[in-house]
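Everything on this sheet refers to the single structure shown next.
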Amino acid sequence: MTALFFRDLKLSIRAGGGALIGVLFFLTVVAVIPFGVGPDLNLLSRIGPAIVWIGALLAALLGLDRLFQAERDDGSLDLMLMQETPLVLTVLVKCFAHWTATSLPLVIASPFLGLFMNMDEVAIGATMLTLLAGSPAITFIGAVGAAVAVALPRGGLLVSILVLPLTIPVLIFGVSATYAAVEDPAPFLPPFLILIALTMFFAVIGPAGAALALRNTSD
Amino acid sequence: MSETSLAISKISDLANPTRFLALAQRIIPWMAAATAICLIIGLYLSFSTKGDYQQGETVRIMYLHVPSAWLSMMCYTVMSISAIGTLVWRHPLADVSAKAAAPLGAAFTLLALVTGSLWGKPMWGTWWVWDARLTSVFILFLMYLGLVALNRAIDDPSRAARVTAVLILVGFVNIPIIKFSVDWWNTLHQPASVVRLAGPAIDPEFLRPLFVMAIGFTLLFFTLHIMAMRNEIWRRRVAAQRRLAARMASRED
Chain A
3 MTALFFRDLK LSIRAGGGAL IGVLFFLTVV AVIPFGVGPD LNLLSRIGPA
53 IVWIGALLAA LLGLDRLFQA ERDDGSLDLM LMQETPLVLT VLVKCFAHWT
103 ATSLPLVIAS PFLGLFMNMD EVAIGATMLT LLAGSPAITF IGAVGAAVAV
153 ALPRGGLLVS ILVLPLTIPV LIFGVSATYA AVEDPAPFLP PFLILIALTM
203 FFAVIGPAGA ALALRNTSD
Chain B
733 MSETSLAISK ISDLANPTRF LALAQRIIPW MAAATAICLI IGLYLSFSTK
783 GDYQQGETVR IMYLHVPSAW LSMMCYTVMS ISAIGTLVWR HPLADVSAKA
833 AAPLGAAFTL LALVTGSLWG KPMWGTWWVW DARLTSVFIL FLMYLGLVAL
883 NRAIDDPSRA ARVTAVLILV GFVNIPIIKF SVDWWNTLHQ PASVVRLAGP
933 AIDPEFLRPL FVMAIGFTLL FFTLHIMAMR NEIWRRRVAA QRRLAARMAS
983 RED
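Below, the structure is given as structure tokens:
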């Protein structure tokens, strides 16, 4: 399992600068927003956390279709289906590797983007913390979409349409926890704990659903 | 034979599509007639009873809005049960049922959204707000459309059904969120007032037409669902016949 983790990690980092592409996309999305809404620093600092979250969500979806597609193409997916370790566990490890390779760089890059958005230190810290807690949920939900997409001839776009509605609760609680940290009256802990609960919930549902879909698509 | 195994054998009898078609042929006229009667009585009641003292005539929108909103959730539940049938028992009719229900669910959800919007303009002064209930129902609508698109994107019907079933079950998470969104988040949409532990909170004057309309809508859904399932079975038979004919033709060459 550790071997699988490092293999996936190496593959996704070396394949065309996988991690870097995600961060670059994230940077571009966030940089485009001020052009759209105008360079008003007060407005930007108010909507900053939401923008960083949306950018991270879109960037996390970017590499999802690669999660199982390459294995399917070179046939190693069939080997994973046949081996003795439960498929759910394999999928979970692959999700962790994918998260480390694509989402963790986004979390690390988010403070710099927060500076662009004129956010203060508390808001930047809160955004980073909520992204760290919430982005695994996006990967786990996306794993189901990626497993479903394996069956499709060209499923990249359809996956985003299918996965995005399911990630909306994560986005809602991530952003509301960030705002709660910035604005005094609202408590930070309840939405943050719900966010962690969502991540744990999808850590169970996601790999199980993805394993089920993978078994059913390869016959 | 115990009672459960008897019930299971009844359901597996229906797995024979020919038997299902015969049954559908017999019950569709009855169900259609019952639907028509319920809807006529319901519409008569909803137009004859007096308007609300506060909302005036616009309260009548409720008789369309609430049943379609109920059905948008019930349809997803029917699809989830079918999805379990597909994945666990590989029941051939479950595939057909889930596929036939998705466009119907999208239609009822759209109806709920449109009537709610028409009702919201005079009551709240706006067509749309990003309130918890409205947003979650809108997500449900997107999910229906995504499921329809996914099912159409895969050629092999049984494989499409199994892949879609996984996604239906994952998406079922959304249904309790919709149901309880008005209780959990205190937003613009009014809280649950009909189905709740302390009994209905609205006047019987309004409850009666609403109840008849809800039954009418439910019957309408099941009638349309069975008809759509019948069409789907026929469509698959035609496709199978065509494939057979093509194979025969290529053998003659």
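Chains as they are written, first to last, in this note's numbering: chain A, 3 to 221; chain B, 733 to 985.
Using N, Cα and C, we set each Cβ at its ideal position, and we do this for glycine too.
- When DSSP states are grouped into helix, strand and coil, A/P113 belongs to the helix group.
- Rounded to the nearest whole angstrom, the C-alpha separation of A/D10 and A/G211 is 20 Å.
- Assigned with DSSP and collapsed to three states, B/T818 falls in helix.
- By the rule that beta-carbons nearer than 9 Å mark a contact, B/N906 touches chain A.
- Against chain A, a Cβ distance below 8 Å from B/I909 picks out P171.
- Remark: C-beta atoms of A/L59 and A/L216 do not approach each other more closely than 9 Å.
- Three or more beta-carbon pairs separated by less than 8 Å are not found between the stretch 189-196 of chain A and the stretch 61-78 of chain A, which leaves the two stretches without contact.
- Using a CB distance below 7 Å, the part of the stretch 878-895 of chain B facing chain A consists of G878, A881, L882, A885, I886, R891, R894 and V895, ordered along the chain.
- In this structure, A/A62 lies near A/S105, with their beta-carbon atoms less than 9 Å apart.
- Remark: C-beta atoms of B/K831 and B/P749 do not approach each other more closely than 9 Å.
- In terms of Cα proximity to B/L866, the closest of B/S982, B/L976, B/I773 and B/T841 is B/T841.
- Look at the stretch 133-187 of chain A and you find these whole runs of alpha helix (DSSP H), each 4 residues long or longer: 158-184.
- A/T132 places its beta carbon less than 9 Å from that of A/A179.
- In this chain, the alpha helix (DSSP H) harbouring A/E73 covers R68 to D76.
- B/F779 is positioned such that its CB atom lies no closer than 9 Å to that of B/L825.
- Proximity of B/G903 to chain A, defined by a Cβ-Cβ separation below 9 Å, is satisfied.
- For A/L134, no CB of chain B lies under 9 Å from its own CB, so it is not counted at the interface with that chain.
- Distance from the CA of B/A978 to the CA of A/L160, rounded to the nearest whole angstrom, comes to 32 Å.
- Contact note: A/V90 does not reach chain B at a C-beta cutoff of 9 Å; the least C-beta distance is about 13 Å.
- Chain-ordered, the chain B residues with CB closer than 7 Å to the CB of A/A153 read I886, R891 and V895.
- In terms of CA proximity to A/V146, A/V206 leads the group A/I110, A/A135, A/V206 and A/T102.
- Counting C-beta atoms within 10 angstroms of its own C-beta, B/T858 has fewer than 16 neighbours from the protein chains shown and is therefore classed as exposed.
- For B/V944, the three-state secondary structure derived from DSSP is helix.
- For B/M794, not one C-beta of chain A is nearer than 9 Å to its own C-beta.
- Following the DSSP letters along the chain, one finds A/Q85 in no alpha helix (DSSP H), marked with neither H nor E.
- Among the residues of the stretch 18-43 of chain A, none has a Cβ less than 9 Å away from any Cβ of chain B.
- Residues of chain B with a Cβ closer than 9 Å to the Cβ of A/V146 are, in chain order, V898, L899 and V902.
- In its chain, beyond the 5 residues on either side, F873, Y876, L877 and V880 have a beta carbon closer than 8 Å to the beta carbon of B/A838.
- Cα atoms of A/T201 and B/S814: separation of roughly 27 Å, rounded to the nearest angstrom.
- In the structure shown, B/W859 falls within a coil segment according to DSSP collapsed to helix, strand and coil.
- In the three-state reduction of the DSSP assignment, B/G852 falls in the helix class.
- Annotation: A/A183 to A/A125 spans about 7 Å, alpha carbon to alpha carbon.
- DSSP, read as helix, strand or coil, puts A/G24 in helix.
- Taking C-beta separations shorter than 8 Å and ignoring five residues to either side along the sequence, the partners of A/L79 in its chain run F70, E73, V152, L216 and S220, following chain order.
- For A/I163, the closest Cβ of chain B is nearer than 9 Å.
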